[in-house]
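This report refers to the structure that appears directly beneath it.
There are 2 protein chains.
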Amino acid sequence: MNAEIITIGDEILIGQVVDTNSAWIGQHLNEYGVRVVQITSVRDDRQAIKSAFDEAFSRADLILVTGGLGPTKDDITKHTLAEYFGTSLVRDQATYDYLEKWITAKGMRFNELNQKQADVPEGCVVLTNRNGTAPGMWFERDGKVLVSMPGVPFEMKALMSDEVFPRLQRFFQLDHIVHKTAITYGIPESELAIRLEEWENALPDFLKLAYLPNPNNIRLRLSAYQGEEQVVNQEIDRQFEKLKQIIPGNFLGYDTASLEQVVAEALLARGETLSVAESCTGGAVASRFTAMAGASG
Amino acid sequence: MNAEIITIGDEILIGQVVDTNSAWIGQHLNEYGVRVVQITSVRDDRQAIKSAFDEAFSRADLILVTGGLGPTKDDITKHTLAEYFGTSLVRDQATYDYLEKWITAKGMRFNELNQKQADVPEGCVVLTNRNGTAPGMWFERDGKVLVSMPGVPFEMKALMSDEVFPRLQRFFQLDHIVHKTAITYGIPESELAIRLEEWENALPDFLKLAYLPNPNNIRLRLSAYQGEEQVVNQEIDRQFEKLKQIIPGNFLGYDTASLEQVVAEALLARGETLSVAESCTGGAVASRFTAMAGASG
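Here the protein sequences line up with chains L and C, keeping their order. The first sequence runs 1 to 297 under the numbering used here. The second sequence runs 1 to 297 under the numbering used here.
Rendered as structure tokens:
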């Protein structure tokens, strides 16, 4: 099943904000078996937003939209959604009551702008936002779904986890998608590709290989968009075992493995500890170790 | 003048990589007076890439493309560009000679995959990449321009600075775009909007106001896409002075001002120094101070 992500906001297009929402959504959709075919960022402009909706509906079954739901005048997503679906804004009493309680409990005033956050396009399913004033909104059309969420990352993430993913599992027949990435170091990309040519050519058709170069290492990702999950996982593991035998001294780990993680695991296994004396890095090395769960051990 | 950015790569759509290139490009295009109207991320898929080109050409005069130019089989942007512009790949001898020198000087082998990096679609202008093997490529069609660059951020940035921006200034008549952001703290977004309503309503038409909420502060951006540069700058400064008088105790600074920067400036002005004792943050506070130029003072 195909999905598209649309992020709305001038701040993204002028480069004031890096769109991190799309990567988070894309990663999690893949875990739920939904393939993302395009990510689009558009301005706070009614025509641009509606064109993006049209194009996304022509390619995908699911459209996830973030941004433009704040209480201020520059945020126009909600009005544009009402126009797009040919409906108008109506007060959702449950959201109104929820917001009144939530805001006054924080010792703040339930002012007219907060009250307006309870107005939603008629006919949508309202998804409760436990971390902010803008509710999520779920729209259905011809068996396809569009979900609008606030752009503030922690509000969007909670809405996705609590409301959107469970509904997607009920609404759609989801596939299995598997990605696994091996991290190599010490061999330049083109040399690595030549040494792995035979291995790459012998990969089964359902596995797609991608090279992801970094300054310090080359990551090799195997992806499968079809096939039975267990069979696919076993085949990927088997292929990476073959890879390790081709470049035994140049394999760092899998997926998000980092140098500090490999070092920390080795130290923990040996019961040893770490001291750092930092000059130019000013605490960055210590900070990267400390950021790992269990690092104090 | 309008521009669009297209980033190519499955790694973006599955959320393995956050697209930071687009924000950097967007920010710098605005500084050169070019307005970005859409950012699109597509898969390593010929049809998806060509559709994105078509749509971008229908909306913009300039299209900046990153990604998919590596030497390995999963990278297909160069072949797709040749197909799209109805031409074929030819060896660019100057690039070949440059790459041979550059790679052997690094003590590496100038292998067949590196050699193929010198093949480009016939008719494009080749832009020298001083930091990698994939050259940039400049295409012109009906007075519009498409530039293809590698996705590795430091390679793309050098190409933009050394080659693309100077050419854009010669090729296009560029406008002036001004953005300035005031950072406030201590007032929730909806309350701030109510207190600033009169100020906001009195803004001249050529200034657009945006609210950017963070967990710790609300940023207010004024943007102008037209008008004489000096007049616009003076008017923005005048408006922000009025703003400061409305919320005198809630103003932190402008643009990228951060708490550590404000603290560091105050300490420097007083000739004082800073010691930190960190537990949970494990060096992160020290690291943020150290990252600022001049922090050792």
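Don't be surprised by glycine CBs; every beta carbon is placed ideally from N, CA and C. Remember, it's a predicted structure, so these values are computed and weren't measured experimentally.
Considering Cα atoms alone, identify which of the options is closest to residue i.
| i | options | result |
| --- | --- | --- |
| Lys50 of chain L | L:Thr72, L:Gly70, L:Pro71 and L:Ile76 | L:Ile76 |
| Glu11 of chain L | L:Thr87, L:Leu274 and L:Val152 | L:Val152 |
| Pro71 of chain C | L:Gln226, L:Ile14 and L:Ile218 | L:Ile218 |
| Phe53 of chain C | C:Gln16, C:Tyr185, C:Phe139 and C:Met1 | C:Phe139 |
| Arg270 of chain L | L:Arg130, L:Gly297 and L:Val178 | L:Gly297 |
| Ser258 of chain L | L:Gln93, L:Thr184, L:Gln173 and L:Ala48 | L:Thr184 |
| Gly227 of chain L | L:Pro204, L:Gly249 and L:Met156 | L:Pro204 |
| Phe251 of chain C | C:Leu174, C:Val125 and C:Leu220 | C:Leu220 |
| Glu198 of chain L | L:Met1, L:Pro121, L:Lys242 and L:Asn30 | L:Lys242 |
| Phe240 of chain L | L:Glu200, L:Leu274 and L:Tyr225 | L:Glu200 |
| Val147 of chain L | L:Val285, L:Phe154 and L:Pro121 | L:Pro121 |
| Arg130 of chain C | C:Glu163, C:Gly143, C:Asp142 and C:Asn111 | C:Glu163 |
| Lys78 of chain C | C:Ala105, C:Asn111, C:Lys106 and C:Ala134 | C:Ala134 |
| Ala48 of chain L | C:Ala48, C:Gln38, C:Arg43 and C:Arg109 | C:Gln38 |
| Val42 of chain C | C:Phe110, C:Leu29 and C:Leu13 | C:Leu13 |
| Phe165 of chain L | L:Gly136, L:Tyr98, L:Ile187 and L:Tyr84 | L:Gly136 |
| Lys180 of chain L | L:Glu229, L:Leu168 and L:Ser161 | L:Glu229 |
| Arg170 of chain C | C:Gly143, C:Glu191, C:Gly186 and C:Phe154 | C:Gly143 |
| Gly186 of chain L | C:Met108, C:Gly186 and C:Glu191 | C:Met108 |
| Phe154 of chain C | L:Leu274, L:Asn214 and L:Lys73 | L:Asn214 |
| Phe110 of chain L | C:Glu191, C:Gln93, C:Ser275 and C:Ile103 | C:Glu191 |
| Cys30 of chain L | L:Leu274, L:Leu168 and L:Thr273 | Checking the sequence shown, residue 30 of chain L turns out to be Asn, not Cys. Here the closest residue by C-alpha is L:Leu168. |
| Ser58 of chain C | C:Tyr225, C:Ser161, C:Arg141 and C:Glu272 | C:Arg141 |
| Val34 of chain L | L:His176, L:Val231, L:Ala105 and L:Glu100 | L:His176 |
| Met160 of chain C | C:Leu64, C:Asp97, C:Ala105 and C:Gly249 | C:Leu64 |
Using beta-carbon positions only, say whether residue i and residue j come within less than 8 Å of one another.
| i | j | result |
| --- | --- | --- |
| Ala56 of chain L | Thr40 of chain L | yes |
| Leu62 of chain L | Ala158 of chain L | no |
| Ala266 of chain L | Phe289 of chain L | no |
| Ala210 of chain C | Ser223 of chain C | yes |
| Glu189 of chain L | Leu207 of chain L | no |
| Val178 of chain L | Asn216 of chain L | no |
| Ala193 of chain C | Tyr254 of chain C | no |
| Tyr32 of chain L | Leu174 of chain L | yes |
| Pro150 of chain C | Gly132 of chain C | yes |
| Ile246 of chain L | Leu212 of chain L | no |
| Arg46 of chain L | Thr80 of chain L | yes |
| Met292 of chain C | Phe172 of chain C | no |
| Asp74 of chain L | Asp44 of chain L | yes |
Terminal residues of the continuous alpha helix (DSSP H) containing residue i?
| i | result |
| --- | --- |
| Gln173 of chain L | Run containing Gln173 of chain L: none; DSSP gives neither H nor E here. |
| Glu191 of chain C | Glu189 to Arg195 |
| Ile12 of chain L | Asp10 to Leu13 |
| Thr40 of chain L | Premise fails: Thr40 of chain L lies in the beta strand (DSSP E), Arg35 to Val42, not in any alpha helix (DSSP H). |
| Gly26 of chain C | Asn21 to Glu31 |
| Thr87 of chain L | Unbroken run through Thr87 of chain L: none, as it is neither H nor E. |
| Leu259 of chain C | Leu259 to Arg270 |
| Leu113 of chain C | Glu112 to Lys116 |
| Phe206 of chain C | First-last for Phe206 of chain C: undefined, no H or E at that position. |
| Thr66 of chain C | Careful: Thr66 of chain C lies outside any alpha helix (DSSP H), inside the beta strand (DSSP E) at Leu62 to Thr66. |
| Gly243 of chain C | What sits at residue 243 of chain C in the sequence shown is Leu, not Gly. Per DSSP, Leu243 of chain C belongs to the alpha helix (DSSP H) from Glu229 to Ile246. |
| Leu159 of chain C | Pro153 to Leu159 |
| Arg59 of chain C | Arg46 to Arg59 |
| Arg288 of chain L | Ala284 to Thr290 |
Report, in whole angstroms, the separation of the C-beta atoms of residue i and residue j, which I expect to be a contact under 8 Å.
| i | j | result |
| --- | --- | --- |
| Ser287 of chain C | Ser287 of chain L | 5 Å |
| Val36 of chain L | Ile6 of chain L | Actually they are not in contact, since the Cβ atoms of Val36 of chain L and Ile6 of chain L sit about 11 Å apart, beyond 8 Å. |
| Val145 of chain L | Asp119 of chain L | Val145 of chain L to Asp119 of chain L, Cβ: 22 Å. No contact. |
| Gln27 of chain C | Gly15 of chain L | 3 Å |
| Gly294 of chain L | Gly283 of chain C | In fact, because the Cβ distance is near 17 Å, the residues do not count as touching under 8 Å. |
| Glu8 of chain C | Gly86 of chain C | For the sequence presented, residue 8 of chain C should be read as Ile rather than Glu. At roughly 20 Å, the Cβ-Cβ gap does not stay under 8 Å, so Ile8 of chain C and Gly86 of chain C are not in contact. |
| Met156 of chain C | Thr256 of chain C | Contact doesn't hold; Cβ gap of about 21 Å is too wide. |
What is the residue span of the beta strand (DSSP E) that residue i lies within?
| i | result |
| --- | --- |
| Gly136 of chain C | Gly136 to Arg141 |
| Asp119 of chain L | Asp119 to Pro121 |
| Ala306 of chain C | One cannot answer for residue 306 of chain C here, as it falls past the ends of chain C, which runs 1 to 297. |
| Leu220 of chain L | Ile218 to Ala224 |
| Leu146 of chain C | Lys144 to Met149 |
| Val126 of chain C | Val125 to Leu127 |
| Gly249 of chain C | That residue, Gly249 of chain C, is in no beta strand (DSSP E); it is neither H nor E in DSSP. |
At least three beta-carbon pairs within less than 8 Å, the stretch 115-129 of chain C to the stretch 273-281 of chain L: no
Would you check if there are 3 or more beta carbon pairs closer than 8 Å linking the stretch 9-27 of chain L to the stretch 16-23 of chain C? yes
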